[in-house]
Every structure is written in structure tokens, then in C-alpha cells.
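Its first residue numbered 5, the sequence shown is counted upward by one per residue in our numbering.
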Amino acid sequence: MARVAVGALIGILLWPSMAAAQSNLPGAFVADPGTGCKVWNPHPLPDETASWSGNCVNGLADGTGTLRWLRGGRIFEKDDGGWKAGRQEGRGTQDWYTGRYEGTLASGEPEGYGILTLQAARYEGQFRKGKPYGEGTLVTLQGVAKGVWIDGCLTDNGRKFAFAVAPSACR
5 MARVAVGALI GILLWPSMAA AQSNLPGAFV ADPGTGCKVW NPHPLPDETA
55 SWSGNCVNGL ADGTGTLRWL RGGRIFEKDD GGWKAGRQEG RGTQDWYTGR
105 YEGTLASGEP EGYGILTLQA ARYEGQFRKG KPYGEGTLVT LQGVAKGVWI
155 DGCLTDNGRK FAFAVAPSAC R
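Given below as C-alpha cells:
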């Protein structure tokens, strides 16, 4: 699901949770069909299921554990780390077949310092609500963009970069 597209705005990067956000489905708790334990999904996709391995407190994932997201019976995302009241919180990782996020999370989305590595790009820096926000560096095959990001947008030496947002958000 993670994709990299380069156009007039260089560096448009969408990773799984951000690509899913384009479906306009609201976040929701999803129950593991095997255990009944619920986990928060900030960007649900049709026909996806959750498989939780860890503690369940009051019906919600809690403590250290592993969450696997499946579609058609196949794993497409694996999340490890800390969970509180069903939401991935604190230090953790999210792995997809196209990349990896390692860093701090809040409600299952990047928040604070983190590193996102995709097949043709790497971003290291601050996030807020799943988007680059604050000091950060983006490295792609086309070059390096470094500076202060605001809601996924950066202007660097006259070039505009969109990261985890639509290019139109950075005009």
C-alpha cells in the first residue's frame, strides 16, 4: 500500500496509514475475531481484520504486544510496541511490505520523533498527527530536503515538498 510518486512537487510520499486515509473512512475500534480484543484503526480499509498478540484489559489491547492487519487472509501490516486502551502509544514500529516506521506513536500514528523508511525514500524527524511537523530531513533518489515541515509541507530553496499529504495542501 505504501507508494512513492514524484511529480511537479518532488517527494510526495504516502505510507499505508496515510494512503488509507484517502478512503475517508473514520477511525474505529476493530475486534480480533479470535480473541475479541479490540484495537484502534485510525484509517480502516474495507475487508481488513486484526490479529492481536498481547494482553487485553477490559476488552482492549493493553501493554506490549504485536498487531497484524490482514486483508484476504494475508498480512499487510505488522505493528509492535506499547498499547494503551486499544491504541498504539509510545515507542513502536509499523512494518509494511514497502517500508517501515520506527519511533513515537499516539493513537497509532507517528507523533514526535521518528524514522520512516520506504523503498526509494527516507524521512527522519518530527511528526504531528501522522505528518511531518518540525525539523526533519527527507532523502529521495532526487536529492535531500531539510528544514522545518508544517503539516507535511516544506519549502526548500524555492522547491515545494509534500509528504503524507496531497500536493495541493502545500501551495
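We put the CB at the ideal spot given by N, CA and C, even for glycine. What you are looking at is a predicted structure, and each value in this text was computed from that prediction instead of being measured.
Item, Value
"Exposed unless 16 or more other CB atoms sit within 10 angstroms - verdict on valine 43", "buried"
"Between the CA atoms of threonine 39 and glycine 67 - distance to the nearest angstrom", "16 Å"
"Residues near proline 46 by beta carbon distance below 7 Å, same chain, minus five either side", "Ser21, Gly31, Ser111, Gly112, Glu113"
"Helix, strand or coil at proline 114 [DSSP, three-state]", "strand"
"Complete beta strand (DSSP E) runs within the stretch 72–121 (minimum length 3 residues, chain order)", "78–88, 91–100, 103–110"
"Cysteine 41, DSSP secondary structure in three states", "coil"
"Anticipated Cβ contact below 8 Å, proline 136 with glycine 156, distance rounded", "6 Å"
"Whole-angstrom C-beta distance between valine 34 and proline 50, which should lie under 8 Å", "Actually they do not touch by this definition, with Cβ atoms about 12 Å apart."
"Segment contact flag, the stretch 69–82 with the stretch 50–61, C-beta cutoff 8 Å, min 3 pairs", "yes"
"Span of the beta strand (DSSP E) around glutamine 130", "125–132"
"Cβ pair count under 8 Å reaching 3, the stretch 74–90 against the stretch 117–133", "no"
"DSSP-derived helix/strand/coil call for leucine 49", "coil"
"Close-in-space but distant-in-sequence residues of the same chain around arginine 163 (CB under 6 Å, 5 per side omitted)", "none"
"Run of the beta strand (DSSP E) containing alanine 163, from where it starts to where it stops", "A small correction: the amino acid at residue 163 is arginine; alanine does not occupy that position in the sequence shown. Residues 163–167."
"Exposure label - arginine 91; buried when at least 16 CB within 10 Å", "buried"
"Beta bridge counterpart(s) of alanine 32 as assigned by DSSP", "Asn45"
"Sequence-distant residues of its chain with Cβ nearer than 6 Å to leucine 64 (five each side left out)", "Lys42, Ala89, Gly90"
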